[in-house]
Each structure stands twice: as structure tokens, then as C-alpha cells.
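Numbering (this note's numbering), first residue to last: 1 to 224.
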Ligand code: FES
């Protein structure tokens, strides 16, 4: 489907309204690139791969966390389509965020950050012997963190706790460290079990399920 679409895009502290002709299969990211190329050269957003694997284009579209490169305009109707930055990330401007808070939240020594394919000459597969392993399907996009409704208290967050659980699963020697991370005051007890993280994850990592597993292990340990 193609046709005229209205986008309402966060621009600093205000909003900009754009109308553009959506072409067949055009995504929200395509639309921002069109707008930047033709009308607003200083419009800020992040992207890299354009196919849902780098995690840099996470944003809120119509109030829901998503990857802009996978979000097709024809599924969103004529608009206005609301495009805004992820929550709980560092500020850059417009739709772009700084993911530093997400990376800083990850458990120390977990070793599951992905290596860049550019740095290493190709996609990095799990256990490829080059010092990095992929953390399951997580692309560190931050959608789960943004969608999490926990506010007003310290919380390591769904991405970090999911990573801790995955870490102990892959490396049994990390069990104690992962459970210690989960047992911190800002760990699983701070989770409200809303499962918004699992619904928001574009990769099916289901952080809520992993938090529940950590909680169960901590309870077992307390009872044992
Ligand atoms: S640009 Fe890489 S996930 Fe969207």
C-alpha cells in the first residue's frame, strides 16, 4: 500500500509534523531517512543494518517500542504516526538515544556483549572462538528497558537480568555471580512482573521469563 502519511516526530522538546508519500513497503526508518534527505538534514535518529539485527534503531512508534527498520508504514495507517525516542536511555536528541545506560546496567564479567561484524570481518556466531559470544538473540536495542513500567526505584532492568540468566545457563561457573546480581536490592525484587519487556522485545528473548527463572532459583536457594 502507498499513500500520503502524516508523521509526528519528536524534535528536541517539541514535535515536528511531516507529510510524505509512502512508497510500497516503506518503513518508519525509511521515512525518517527520506525526511532527512529532503527536508530536515539535522533530524537525528540512529540506524545501521536496516534489517533488524544491529539494534540501533529502537524507538517508540505510536507509543510502542519497536525497531524502526522493521515497522512498516502500511501497517500503521495514514497517521499521524507518532515517532519518539526510547525511554530511560541517555539523551542525544530527536529520536536518537545514547545506549550507555543500558550497557552500564549489564552484569560485570558476563561476556555476552556482541562483537561488531565490521570489527571482526563478519557476523559473530556463538562460540566462534574469537573471544565473543552472542547473547542469545538479544540485540541490545533497549526496547525492553524502555517498555518496563518500573519507575521511581533502582532497578537493574530486564536486559541486564535476562543477560545474567543467560550467562549462568551458558557458563555454570557463573551461577553464583548471576544469582548475586539478581539478589541485589535493584535485582529481581524490584521487578513488578508486568512482562512489558517480553512483549516489547523484537527478538523474542522474553526477559520477563528469565527474571521469573532467577526469582525461582533464589527462592529455591533460600528454602534449601
Ligand atoms: S537499523 Fe539495525 S536493527 Fe534497525
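For glycine and all other residues, C-beta sits at the position ideal for the given N, C-alpha and C.
Remember, it's a predicted structure, so these values are computed and weren't measured experimentally.
Here residue 25 has 72 as same chain residues with Cβ atoms under 7 Å from its own Cβ, once five neighbours each way along the sequence are excluded. Pairing residue 6 with residue 79 gives a Cβ-Cβ distance under 7 Å. Counting only the Cα atoms, residue 182 lies some 12 Å from residue 167. With respect to residue 105, residue 163 sits apart: the two C-beta atoms are not nearer than 7 Å. Put simply, the backbone Cα of residue 46 is about 8 Å away from that of residue 95. In terms of Cβ geometry, residue 97 and residue 86 form a close pair [threshold 7 Å]. When C-alpha distances from residue 30 are compared across 49, 65, 14 and 217, the shortest belongs to 49. Beta-bridge pairing by DSSP links residue 208 to no other residue.
Taken through DSSP and simplified to helix, strand or coil, residue 27 comes out as strand.
In the three-state reduction of the DSSP assignment, residue 14 falls in the strand class, which pools E and B.
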